[in-house]
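Going by my numbering, the first residue of the sequence shown is number 140, and it counts up by one from there.
Glycine is no exception: its CB is placed at the ideal position from the N, C-alpha and C atoms.
A short write-up of the structure that comes next.
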Amino acid sequence: MTTPRVAVAGIIAILALAGGSANAANDTVDTRAAALVAKMTLPEKVDQTQSGAPAISRLGVPAYEWWGEGLHGLARGGYATVFPQAIALAASWNPSLLHGVGTVVSTEARARFNAIGAGHDHGRYQGLTIWSPNVNIFRDPRWGRGQETYGEDPFLTGKLAVGFIGGIQGDDLAHPRAIATPKHLAVHSGPEAGRHGFDIDVSPHDLEATYLPAFRTAIVEGQAESVMCAYNALHGTPVCADPWLLDQRLRKDWGFRGFVVSDCDAVDDMTKFHYFKPDNAQSSAASIRAGTDLDCGHAYADLTQAVQHGQLDSAVIDRALVRLFSARYRLGELAPASADPYRTIGADQVDTPADRQLALHAALESMVLLKNAHGILPLRPDTRLAVVGPNADTLETLEANYHGTPRAPVTPLQGLRDRFGADRVAYAQGSPIAAAVPIPVPETALRDPQGRVGLAGSYFDNTDFGGSPTVRRTDRRIDFDWDHIAPAEGLRADRYAVRWDGQLLPPGAGDYVLAVHVDRCFDCAGHDPVRLFVDGKPVLGDRTGAGALQVPLHFADTQPHAIRLELVHSGQDQGIRLQWLAPATAQLAEAAAAVAKADAVVAFVGLSPDVEGEELQIDVPGFDGGDRTDIELPSVQDALLQRVAASGKPLVVVLMSGSAVALNWAQQHADAIVAAWYPGAQGGVAIAQTLAGDYNPGGRLPVTFYRSGRDLPPFVSYAMQGRTYRYFRDTPLYAFGYGLSYTHFAYAAPTLSSTQLTAGQPLDVGVDVRNDGGREGDEVVQVYLVPPQTPLASRHALVGFQRVHLAAGEQRHVHFMLSARDLSTVDEGGTRAVSAGQYQVFVGGGQPDSVPGVSADFAITGQQVLPH
């Protein structure tokens, strides 16, 4: 079949008029893509606009599923390096670290892709299009998905995104290692309950000053080759069908040349929840016409109807497909393996020792020391510890959401045992995360038939428990992530059965709840049946895959009870947890007994991905659908802290969460507080090294820690006044940018290139920073601009930062070049300009008024309006 020249030329012309490729390399792949698209029938074209694009055998096009995740490590496809969650990576304030993380993500994506090979079909999570990073602004701590972001500040978010995107895509954009996808454009940050039909009427000022800058940076500086549009509407128009956003701002103003993908089922939402159009044919036509090239979902299947009914010119579909196939050509996904510069990346480059070391380094750099009264930290090496709290020994609080499967995750309890010696660490769970939220049964309550800690696991290579087990071992707790992996050597990943036997040891008499949590696969066929027996009697059975499984039980005493749990992995589910809710009095008594044996207490408290996250099925006090209704530490955990503090022994609180928690009682009464976030597979090692003083914490908060939700505007409001450090005028619990160290840093007066600038000129800022403490450490040097104070102006705004490592007594000159954009402000109409007035720059280890620092004044004359 000969490709008609006029068809190819027409497609290229359409692409150019719509903001298509601008350089020779892209023109080449665009020409190839246009030639391929010209050979397709309309039904074939429509199929290729959906994320699960099928093969076109007659044209030699393999099937390709565009959906891939890599938020903080390659996700949802088996073993991978699991880094700290995105909000933790942001606490490092280190774009170079983010670049390294992105490099590992894309390298592991290449390894997974290469295992199948170019030219072959690739399913979900097997491709090279990574739907990360999330650069939405974490405007309110109640949003459950804020953990996926880089925090509340547009400048910090943008710079970290540039680092991550550069690592994902590599240095050769003509042949990217993978394609990064900043999301969710735009103005998207909850509530989760209304996200599918939420219309946001944000002011022009807030749109330009807060919600768009990080996306602009990711596109203009980061050169991201893909963007995901969000679920919500903006000023009445769903953003995935908004020509102003996707064509004018994204392509014309920012020069974007890649492809736009919808958030999953966002086009369908336009019909069902936004009532934007009467059917999916018209919603799809509006979306692809506006610039959404790829539908994550199936709504675009109705594009055929839209063309047939005259609602859409098929040339618009051609334009989208050229963008999509240009990306596939650049990735080498359609090329012979011999032409692939990444063809040698194999399975041996997945989760390597170097990768795990980087994950440890990332976790260490994310640690934020919030309080250290009387220098209680670092702990002495001979300290006997009582480790308590619901987050001390759970896998899920290492992994967070959107994660891969770690090979050898280290919980905080394990890390402290390894560092201080198991004989010096007593442990008690102490409480659940929140009332009515089950938590994995701790090792203290499980014994195998030989009396060892845990349950005896028998692993079978069949689904009927037939014959002898392939593997026998004792598992100290049942808390496993087996997503796309075999649970033991000698088993298949897709077909096995496991039986655990032993005893359950109630810590006290009372009412209990036992639960079996199976990590259900999304959009899949077949779920895993489980059965639970107590004292030989079946108490839970699941053959339908529906919902969480819970059973209330009453134990009259602390006598052991026989327990057996069975799992048959015959579907596509991803792991299993044996959970419980135990009586509060019994758990608190256990904690007090552990404290009695110790010199100091380390309490691991906070949140978990079971209570904060994306569209969760949870409705308990303090939590709603993945969001929070109360930002304070749940009362059951506060009660635990108060009980262990009553001993009078030093109390170190380690906060593990994906968002800010109002630790009001702990700030007043605890001796030390460390924010450890969701720290990834090496989190337990990092926490232990930080508490022991092997590492000097240098992380800084990427979000404001407020004292109460009452200090904030309504969650549903997207107006920025009263939110984030830039517009919040009260005193927070901990400020954005805050973090302590085991050493001390001092600043000399800053030097400016000029104290009189003409609008549009850059400003050079230099400062000498000295470590005048007794040990080496990292300082995050932060530069804030204090603009003339007008009704809409921010109090101050971050315009520069560098993380520097200084030996004890070392001094270094740190330099910042502030561009015209860094020195600009935004008026009520959304115009960004450098304006005349008196300004100040503040330089220090945090914000003005929150830490000691130095400042200098300068003036700007004239005005320069900046392009969008």
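Selected residue, minimal CA-CA separation from residue i, among the options
{"i": "K788", "options": "W804, M409, D810 and G905", "result": "D810"}
{"i": "R171", "options": "W383, H344 and S465", "result": "S465"}
{"i": "D521", "options": "V366, D562, Q642 and A874", "result": "D562"}
{"i": "V669", "options": "D662, Y651 and L688", "result": "L688"}
{"i": "Q421", "options": "D758, G430 and T410", "result": "T410"}
{"i": "N275", "options": "P343, G241, P352 and V185", "result": "P352"}
{"i": "G752", "options": "I770, V793, H708 and G797", "result": "G797"}
{"i": "R396", "options": "K416, S423, L644 and D432", "result": "D432"}
{"i": "I532", "options": "L704, A565 and A501", "result": "The question names Ile, yet the displayed sequence has Asp at residue 532. Of L704, A565 and A501, the residue nearest in Cα terms is A565."}
{"i": "V953", "options": "V920, L931 and G984", "result": "V920"}
{"i": "Y834", "options": "L1005, A357, T882 and Q860", "result": "T882"}
{"i": "D738", "options": "G375, A474 and V791", "result": "V791"}
{"i": "G710", "options": "D696, A664 and F694", "result": "A664"}
{"i": "Q718", "options": "A820, V690 and A735", "result": "V690"}
{"i": "S786", "options": "P773, R390 and A733", "result": "A733"}
{"i": "Y218", "options": "D381, A230 and R546", "result": "R546"}
{"i": "A799", "options": "G285, S235, H700 and D640", "result": "G285"}
{"i": "H314", "options": "E472, A405 and K298", "result": "E472"}
{"i": "R586", "options": "E705, L630, P645 and G560", "result": "P645"}
{"i": "I358", "options": "V399, N371, R334 and D381", "result": "V399"}
{"i": "D667", "options": "G832, H211, L679 and V707", "result": "V707"}
{"i": "V549", "options": "L499, A725 and V576", "result": "L499"}
{"i": "D418", "options": "H448, W393 and A429", "result": "H448"}
{"i": "R469", "options": "L237, D169, K416 and K184", "result": "D169"}
{"i": "K184", "options": "Y886, D434 and L671", "result": "D434"}
Inter-residue CB distance, residue i and residue j (contact presumed, cutoff 8 Å)
{"i": "Y864", "j": "Q986", "result": "6 Å"}
{"i": "P818", "j": "N540", "result": "14 Å between Cβ atoms; not a contact."}
{"i": "A248", "j": "A317", "result": "5 Å"}
{"i": "V527", "j": "L779", "result": "7 Å"}
{"i": "G848", "j": "I770", "result": "5 Å"}
{"i": "D402", "j": "A369", "result": "6 Å"}
{"i": "A972", "j": "Q1003", "result": "6 Å"}
{"i": "G543", "j": "V221", "result": "5 Å"}
{"i": "V982", "j": "G992", "result": "6 Å"}
Start-to-end residues for the beta strand (DSSP E) that takes in residue i
{"i": "H956", "result": "According to the sequence shown, residue 956 is Met rather than His. Counting along the chain, the beta strand (DSSP E) containing M956 begins and ends at Q950 to L957."}
{"i": "V679", "result": "At residue 679 the sequence reads Leu, which differs from the Val that was named. Counting along the chain, the beta strand (DSSP E) containing L679 begins and ends at K676 to D681."}
{"i": "P1006", "result": "Where P1006 is concerned, there is no enclosing beta strand (DSSP E), given that its DSSP letter is neither H nor E."}
{"i": "F743", "result": "A739 to G745"}
{"i": "R703", "result": "H700 to H708"}
{"i": "V564", "result": "V564 to A567"}
{"i": "Q726", "result": "Element bounds for Q726: not the beta strand (DSSP E) but the alpha helix (DSSP H), A723 to A735."}
{"i": "K510", "result": "V507 to N511"}
{"i": "G822", "result": "Per DSSP, G822 belongs to no beta strand (DSSP E); it is in the alpha helix (DSSP H), G822 to A831."}
{"i": "P841", "result": "It is not in any beta strand (DSSP E) - P841 carries neither H nor E in the DSSP assignment."}
8 Å Cβ cutoff, residue i in contact with chain B
{"i": "R839", "result": "Of the protein chains in the structure, only one exists, and it is not chain B."}
Residue i - containing alpha helix (DSSP H), residue span
{"i": "Y864", "result": "T863 to Y866"}
{"i": "E470", "result": "Checking the sequence shown, residue 470 turns out to be Leu, not Glu. Element bounds for L470: S453 to L470."}
{"i": "N275", "result": "Segment: none, N275 is in no alpha helix (DSSP H) and carries neither H nor E."}
One or two residues paired with residue i in a DSSP bridge
{"i": "A1000", "result": "In the sequence on display, residue 1000 carries Thr and not Ala. Per DSSP, T897."}
{"i": "Y598", "result": "V610 and V637"}
{"i": "C368", "result": "L324 and S401"}
{"i": "I715", "result": "F619 and V657"}
{"i": "G764", "result": "D766"}
{"i": "V904", "result": "L891 and F955"}
{"i": "V925", "result": "Q979"}
{"i": "E771", "result": "A801"}
Quiz prompt | the region 326-339 touching the region 253-265, judged by at least three CB pairs closer than 8 Å | solution = no
Quiz item: How do the region 709-729 and the region 503-514 stand: do at least 3 beta-carbon pairs fall below 8 Å, yes or no?
Solution: no
Exercise. Report yes or no: do the region 758-773 and the region 814-831 share at least 3 C-beta pairs separated by less than 8 Å?
Key: no
Quiz prompt | Inter-stretch contact (C-beta, 8 Å, three-pair minimum) for the region 826-836 and the region 547-555 | solution = yes
Quiz item: Is there contact here, the region 645-663 with the region 588-603, by at least three beta-carbon pairs under 8 Å?
Solution: no
Quiz item: Would the region 196-210 and the region 474-482 be scored as touching if the rule is three or more Cβ pairs under 8 Å?
Solution: no
Quiz item: Are three or more beta carbon pairs between the region 173-193 and the region 455-465 nearer than 8 Å?
Solution: yes
Quiz item: Are at least three pairs of beta-carbons, each pair with one atom in the region 698-712 and one in the region 487-497, less than 8 Å apart?
Solution: no
Quiz prompt | Three-pair Cβ contact test at 8 Å for the region 298-305 versus the region 332-348 | solution = no
Quiz item: Are the region 286-295 and the region 836-847 touching, with three or more C-beta to C-beta distances below 8 Å?
Solution: yes
Quiz item: If you pair each beta-carbon of the region 600-615 with each one of the region 695-703, do three or more pairs fall below 8 Å?
Solution: no
Quiz item: Does the region 615-626 touch the region 578-585, meaning 3 or more C-beta pairs lie closer than 8 Å?
Solution: yes
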